[in-house]
Amino acid sequence: MINIFVAIAPVQLLAISSIIKQMPPDSAIVNICFVFYKSDIDFEIPNCTVFKYNTRGLRAYFAAMTQFRKEIKQILNRKEKLAVYIPHPYHLPTNYLLFGIKEKEAYLIPDGILNYYESKITIKSMLAMLVKCALARILGITYTPYTGHLTAFDKRVYSGVYTFNPDGLLTVCGQIRIIRTDKEQFRNDKKICLFLDQDIESLLNKKDSENRAALYQYLASAQFDEILYKPHPSVKHLTPRTPSLEGKGENSLLISEEGLGSPLSVSGRGWGWGMPIHSTLPAEMLISQYCPTEVISYVSSALINIRDIYPDIACTSVGLNKLLAVNSRIQPLCELFVRKSIRIIEV
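Read in the working numbering, the sequence shown has 767 at position 305, and its numbers run on one by one without any break.
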């Protein structure tokens, strides 16, 4: 038996590691994980052979897909029973594993908020699929376009779905399997905020995505002893402040009306200093290291997971109403945040 896992986002590394830990020990089972990343991955998966592929840039992407095809062909030649674990089949490797390999079991693993609202394939997505079809043909594999939900859970192609949190789960398919995560006890006498940035430009228009005043006002009013800032993996413009800022440390970032790491605003109001966390680990795995008393983000599914794993940590969502205004399909996600006692700050 060979289990093939695919990780495209940090949260999937946490899911895969936990899934493997939950499996009964069996020397006849081989676990193989393909990790496709654009930022360095500093996380290892126990009891698993891991192939890491850098997909930053067209040349690197093509080289990664070529190597992936080679490894998969070798696995198929072993003629063993297969099970594949993927977040969705939109990407070329996951699509081939789900639709291109006929004799296998397939399982859906978490991909953040995607599993909690109706994310439909758009015309733009379909055009991108046609490009992937051409690339797949060059590589000697197949890519199958599809419609409906991005995860393809509605195609009845999965034997089951793994989830951290079944409450409000939209992508129900086959047997629901709960992912158990290790919880470490800690106590912190300081008031520490962990801010998880997101690629909200892909969720909102540019004007709305820049309207973050409510976030900074909250950071100021809460009077945190320390603010930790974890950039989204897509962020490449984060620049540490210079060491000339006395007492703040050479890596501190100024939080002002114009954003984290920006110069002082025109009004001259700086609201604090944020220490950047340059880690590709999922936020859920950083809690025991940084011991925050509150976690703040926009609509990150990490807020849901952290509330489940660490119920004593406060979680706050900023601007969820903006996203709801442009996408009514996320109403179930809003209701889930309320049920999880996640504070919602409207902007």
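Note that CB positions come from ideal geometry on N, CA and C, so glycine has one too. Keep in mind that this is a model prediction, so the values were computed, not measured.
Considering only the beta carbon of each residue, do Ile-807 and Val-780 sit closer than 7 Å? Counted from its first residue, the sequence shown places residue 807 at position 345. Counted from its first residue, the sequence shown places residue 780 at position 318. Cβ atoms of Ile-807 and Val-780: closer than 7 Å.
Compare the Cα-Cα distances from Asp-659 to each of Pro-555, Arg-639, Ile-739 and Asn-783 and report the closest residue. Residue numbering aside, residue 659 sits at position 197 when the sequence shown is read from its first letter. It is Ile-739.
Mark Lys-698 as exposed unless 16 or more other C-beta atoms lie within 10 angstroms of its C-beta, in which case mark it buried. Taking the sequence shown and counting its residues from 1, the one referred to as residue 698 is at position 236. For Lys-698, the predicted model reports a pLDDT of 46, less than 50, meaning its position is unreliable; a value from the coordinates is still stated below. Label assigned to Lys-698: exposed.
Tell me whether the beta-carbon of Leu-795 lies closer than 7 Å to the beta-carbon of Tyr-578. One-based indexing of the sequence shown puts residue 795 at position 333. One-based indexing of the sequence shown puts residue 578 at position 116. In contact: Leu-795 and Tyr-578 (Cβ atoms closer than 7 Å).
Evaluate Val-555 with the Cβ neighbour count: other Cβ atoms within 10 Å of its Cβ, from every protein chain shown; 16 or more gives buried, anything less gives exposed. Position 93 of the sequence shown holds residue 555. Per the sequence shown, residue 555 should be read as Pro rather than Val. Buried: at least 16 other Cβ atoms inside 10 Å.
So, for Pro-592: in the same chain, excluding its five sequence neighbours on each side, which residues have a beta-carbon less than 8 Å away from its beta-carbon? Position 130 of the sequence shown holds residue 592. Looking at the sequence provided, one finds Leu at residue 592 rather than Pro. Answer for Leu-592: Pro-607, listed in chain order.
Roughly how many whole angstroms lie between the Cα atoms of Val-809 and Glu-565? As a working mapping, residue 809 is identified with position 347 in the sequence shown. As a working mapping, residue 565 is identified with position 103 in the sequence shown. If you draw a straight line from the Cα of Val-809 to the Cα of Glu-565, it is about 50 Å long.
Contacting residues, own chain, Cβ-Cβ under 6 Å from Lys-543 (five flanking each side not counted): On the sequence shown, residue 543 is found 81 positions in, with the first residue counted as 1. Here the set comprises Met-463.
Is it the case that the Cβ atoms of Ile-766 and Asn-627 are separated by a distance below 7 Å? Here the question's residue 766 lines up with position 304 in the sequence shown. Here the question's residue 627 lines up with position 165 in the sequence shown. For Ile-766 and Asn-627, yes; Cβs fall inside 7 Å.
Relative to the C-alpha of Lys-653, which candidate in Ala-568, Thr-584 and Phe-686 has its C-alpha closest? The residue given as residue 653 occupies position 191 in the sequence shown. Selected option, being the one with the closest Cα: Phe-686.
With which residues is Ser-762 paired in a DSSP beta bridge? Within the sequence shown, numbered from 1, the residue matching residue 762 stands at position 300. None, per the DSSP bridge assignment.
Out of Ile-470, Pro-472 and Ile-482, which one is the CA nearest neighbour of Ile-640? Here residue 640 refers to the residue found at position 178 when the sequence shown is read from its first residue. Taking Ile-640 as reference, the option from Ile-470, Pro-472 and Ile-482 with the minimal CA-CA separation is Ile-482.
Less than 6 Å between the CB of Thr-778 and some heavy atom of the ligand NAD, yes or no? Ligands displayed in this structure: none; no statement on the ligand NAD is therefore possible.
Would you say Leu-656 and Pro-754 are within 7 Å of each other, going by their C-beta atoms? Looking up residue 656 in the sequence shown gives position 194. Looking up residue 754 in the sequence shown gives position 292. It is a contact, given that the beta carbons lie within the stated cut-off.
Can you give me the Cβ contacts of Glu-797 inside the same chain, cut-off strictly under 8 Å, excluding the 5 residues immediately before and after it? Counting from 1 along the sequence shown, the entry for residue 797 is found at position 335. Closer than 8 Å at the Cβ level, and outside the excluded window around Glu-797, lie Gly-630.
At a cut of 8 Å, does the segment 556-575 reach the segment 610-625 through at least three beta carbon pairs? yes
For Gln-474 and Phe-498, the rounded distance between their alpha carbons: Position 36 of the sequence shown, counting from 1, holds the residue named residue 498. Position 12 of the sequence shown, counting from 1, holds the residue named residue 474. A straight line joining the alpha-carbon of Phe-498 with that of Gln-474 spans about 11 Å.
C-beta atoms of Thr-511 and Ile-534 nearer than 7 Å: Numbered from its first residue, the sequence shown carries residue 511 at position 49. Numbered from its first residue, the sequence shown carries residue 534 at position 72. Not a contact, by the Cβ cut-off of 7 Å.
Reduced DSSP category for Gln-685 - H, G, I as helix; E, B as strand; rest coil: Indexing the sequence shown from 1 puts residue 685 at position 223. In the structure shown, Gln-685 sits in coil (DSSP, three-state: anything other than H, G, I, E or B).
Taking its Cβ as the centre, do 16 or more other Cβ atoms sit within 10 Å of Arg-649, making it buried, or is it exposed? Taking the first residue of the sequence shown as position 1, residue 649 is located at position 187. Arg-649 comes out exposed.
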